[in-house]
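Novice: Below: one structure in structure tokens.
Numbering (this note's numbering), first residue to last: 7 to 153.
Listed below in structure tokens is the structure:
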């Protein structure tokens, strides 16, 4: 744990869907991106190479399982996987369902906005979140392979 690191402990705004001991999966509060998840490594490390090989494999297995759950439930046009840590140097992965009609497509979600998303479309996508959470909760706490 590192003092003043917002990812070292789940915050009040985090919706933790599954805690696997060494990692946790949260459903991010991103209004234009229902289904946006983060996989956060519990220990304060900055880079993938800070992890032992087995831990690298474990976090990536979790990331891939979250991607599969998102693809199954949300049916996105594309899934973006990103690990930056520029603002918060604590290892975490963004798993983001992307749609050709989303606010930034084809730019990244942090890029220049391209359009106003349709509120009804967003509402319909938000309605899928309970099913996404249910599927994510089925990911084992010590995964050996993606679902």
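Glycine included, each C-beta is placed from N, C-alpha and C at the ideal position.
What would DSSP say about residue 19, mapped onto helix, strand or coil?
Specialist: coil
Novice: Go ahead and label residue 78 buried or exposed: buried means 16 or more other beta carbons lie within 10 angstroms of its beta carbon, across all protein chains shown.
Specialist: exposed
Novice: Any idea what DSSP makes of residue 75, helix, strand or coil?
Specialist: helix
Novice: Should residue 16 be counted as a contact of the ligand GTP given a C-beta to heavy atom distance under 7 Å?
Specialist: Within the structure as shown, the ligand GTP is missing, as the structure has no ligands at all.
Novice: Distance check for residue 55 and residue 136, CA to CA, integer angstroms please.
Specialist: A direct Cα-Cα distance of roughly 34 Å separates residue 136 from residue 55.
Novice: Below 8 Å, can you find three or more Cβ-Cβ pairs linking the region 54-73 to the region 111-126?
Specialist: The region 54-73, when compared against the region 111-126, does not touch it at the 8 Å Cβ threshold.
Novice: Mind checking residue 31: buried by the 16 CB within 10 Å criterion, or exposed?
Specialist: So residue 31 ends up on the buried side.
Novice: Express the C-alpha separation of residue 108 and residue 8 in angstroms, rounding to a whole number.
Specialist: One C-alpha to the other measures close to 35 Å.
Novice: Quick one, which of 90, 91, 89, 85 has its alpha-carbon nearest residue 105's?
Specialist: 85
Novice: Below 8 Å between beta carbons: does that hold for residue 45 and residue 33?
Specialist: Their beta carbons are not under 8 Å apart, which means residue 45 does not touch residue 33 by this criterion.
Novice: With residue 12 as the anchor, note down where its alpha helix (DSSP H) starts and where it stops.
Specialist: Careful: residue 12 lies outside any alpha helix (DSSP H) and carries neither H nor E.
Novice: Excluding the 5 residues flanking residue 51 on each side, which residues of the same chain have their C-beta closer than 7 Å to its C-beta?
Specialist: Close CB contacts of residue 51 within its chain, under the 7 Å cut and outside five residues either way in sequence, are with 57, 97 (chain order).
Novice: What three-state label does DSSP hand residue 28 in the structure shown?
Specialist: coil
Novice: What ranges does the alpha helix (DSSP H) occupy inside the region 30-63, keeping only unbroken runs of at least 4 residues that lie completely in it?
Specialist: none
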